[in-house]
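The numbering of the sequence shown is full-length UniProt numbering, which starts it at 1 and goes up by one.
Please read the structure below before turning to the comments.
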Amino acid sequence: MENSSVKAWSEQDDSESSPSDVIQNEHSESVINLESDPLTNDGISFDEMDAEDEEGKKVLQGRMTCCLLFASIAASLSSLQYGYHLGVVNSPASIMKDWYKVSFFRLHGVHISDTMTDVLWATSVSIYAFGAIFGGLVTGWLADNIGRKKTLLLNNILVFVSTALTSSAKYVDVLYLIIIGRLIIGFNCGINSNLVPLYLTEIAPINYRGTVGTLHQLAIVFSIGAALVMGLPYIFGNELLCLCFSLLHWFLPSCNCCLSLFAEKDLRRLRGKCDVSKELAKIKEEAAVAKAQPKVSYCDMFRAKYRWPLAIALILVISRQLAGINAISFYSTSIFDQAGLKGKLPALASAGLGVVMVLVTIFSAFMVDSKCCGRRPLLLSGLAGCCLSLVLLTVSMSFAKSLESIVLQTWAGYCSVAFVVLFIIMWSWGIGPVPWFYVTELFHYNARGRASSLASMSNWTSTFIIGLSYPPLNDWLRQYTFLIYAAISAATFVFTLLAVPETKGKTTDEILHEIKSNPLHKVATRFKNKERLMLDVGGSAGRKGGGKQPKL
């Protein structure tokens, strides 16, 4: 028997999109039911649905096996590319600019100014995020049509191409190979940032979904720190370790949702000695329902059926960037300079931030699926901490500039360092790791790839915007720039409190039902229905009455 809640959700046809369909005539007793819940239209009671979902959750639970641990780590290693190429350009900037001048002269016979050199270097840095935007956009199509594992394997080709270009740039003395190589690796990382959380969520049992999903963010923050260490002496093609890790993808098990003979065999490998017959039957059942549905396009994602879950996903993903993490990470040394630290202290403080991010992300991975915590507590506490720390950072930096006493300035500078560390802790605790896998928990298999693509594209677009906007904002507002990020964190906190459901240990159907039951969703649906109903009734009356509008 098909899962009734899956069926009810999949058969829903935009309950608020076409009120005219339920208007039989002007005197119809039932014009529109603004409170209807499509999840109950098939006559199944909520108690029956809850019992079914509870049984389904027990079926989907499992334990951490050696195969699952290997697959999770091997897939997460793809995310090393993300963090490595994000941070590797920071340390060697001055060396690279000097080489750019030499290379440009040898290519064109013209000496370029410092301004032109800065433009070329800024292009080399920012084109990485630009390529990632398009990589994230195509991932949904690739994942749905080629498969998760095959897409990961094919994506590794781009790593080799990019490595060849950046490695040979110095020897052939062509600076443009660096730019092209970073564009290609950006495309690769755009795919990885979408595909890895998607794959991790689908191979993990329901009780380890959050812990396994957090490994993606852990790999990113670890590789950012490693890039800062390796970036200076070996900027040209220092990717041997990442290339070796790519070979592990050949041994990855197929995703559960593929449901080929290989996928069934791999599911048994992932679950170890556990009986997988019930889980396999449930996956086949849900896949049959998904297969009966038409393929979901990007335009469909903005229709009523997916609009609200997509809004939650995009707001969380965009907020993780607009909270100011890239401004803090990329410009931490200059922030510490502004705070009044002298000598080697700014560089040492910046290096310590990477260690803090790794340690807190590890702790978050253990807490996200624990009985005493979950997604919502991590998000809410993390966002509140980000907002508070940014406000305090602004205050301390203001005091460091305005106080006349050198001793007080020094202490204000130390407070600024402490508040930056507090921000890193709170960001790495909640809004940093959670949105990556949270997006995949809000959608069924047939829409998951498209949703992840849109989320990935939004993440990289906001990264691109922050990278371009922070320097001019900082020149204009100085330390008060962080109040903008604090306001965004506060707004996201309110939205999370009111609209974001807890997904720990829940099936997709339970999560979607909770979203539909949310008061904000009901208010938005009611408002939309009334608005469209008025337009529909007004248009019908106008056609019957020779264009006269009825009094409403």
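Note that CB positions come from ideal geometry on N, CA and C, so glycine has one too.
query, result
"Three-state secondary structure assigned by DSSP to Arg376", "helix"
"Own chain partners of Ser126 with C-beta closer than 8 Å, once the 5 adjacent residues on each side are dropped", "Phe464, Gly467 and Leu468"
"Where Leu383 falls: helix, strand or coil (DSSP)", "helix"
"Segments assigned alpha helix (DSSP H), at least 4 residues, entirely inside the region 100-180", "114-145 and 148-172"
"Cβ neighbour criterion (16 or more within 10 Å) applied to Ala288", "exposed"
"For Gly505, the nearest candidate out of Tyr445, Val368 and Ile95 (CA to CA)", "Val368"
"Integer Cβ distance of Leu200 from Val212, believed to fall under 8 Å", "5 Å"
"Ala226 beta carbon less than 8 Å from that of Tyr84", "yes"
"Distance, Leu142 Cα to Arg148 Cα", "8 Å"
"Neighbour-count burial assignment, Pro294, 16 or more Cβ in a 10 Å radius", "exposed"
"At least three beta-carbon pairs within less than 8 Å, the region 172-183 to the region 389-401", "no"
"When Glu514, Asp509 and Ala219 are compared against Leu359, the one with the closest alpha-carbon", "Ala219"
"Per-residue DSSP class, three states only, for Val368", "coil"
"Assigned secondary structure, Arg63 (DSSP; H/G/I helix, E/B strand, else coil)", "coil"
"Same chain, Cβ closer than 7 Å to Ala499, neighbours up to 5 away in sequence not counted", "Ile312, Asn518 and Leu520"
"Length of the line joining the Cα atoms of Ser254 and Leu68", "11 Å"
"Cutoff 6 Å; reference Thr139; Cβ partners in own chain excluding five residues on either side", "Ile191, Asn194, Leu195 and Ser453"
"Expected contact under 8 Å - CB spacing of Arg63 and Phe437 to nearest Å", "Not confirmed; about 19 Å, so no contact."
"Ser389, buried or exposed, once every other Cβ within 10 Å from all chains shown has been counted against 16", "buried"
"Sequence-distant residues of its chain with Cβ nearer than 7 Å to Phe495 (five each side left out)", "Ile315"
"Gly505 (DSSP reduced to helix, strand or coil)", "coil"
"Candidates Ala490, Asp114, Leu252 and Glu514: closest to Ala75 by CA position", "Leu252"
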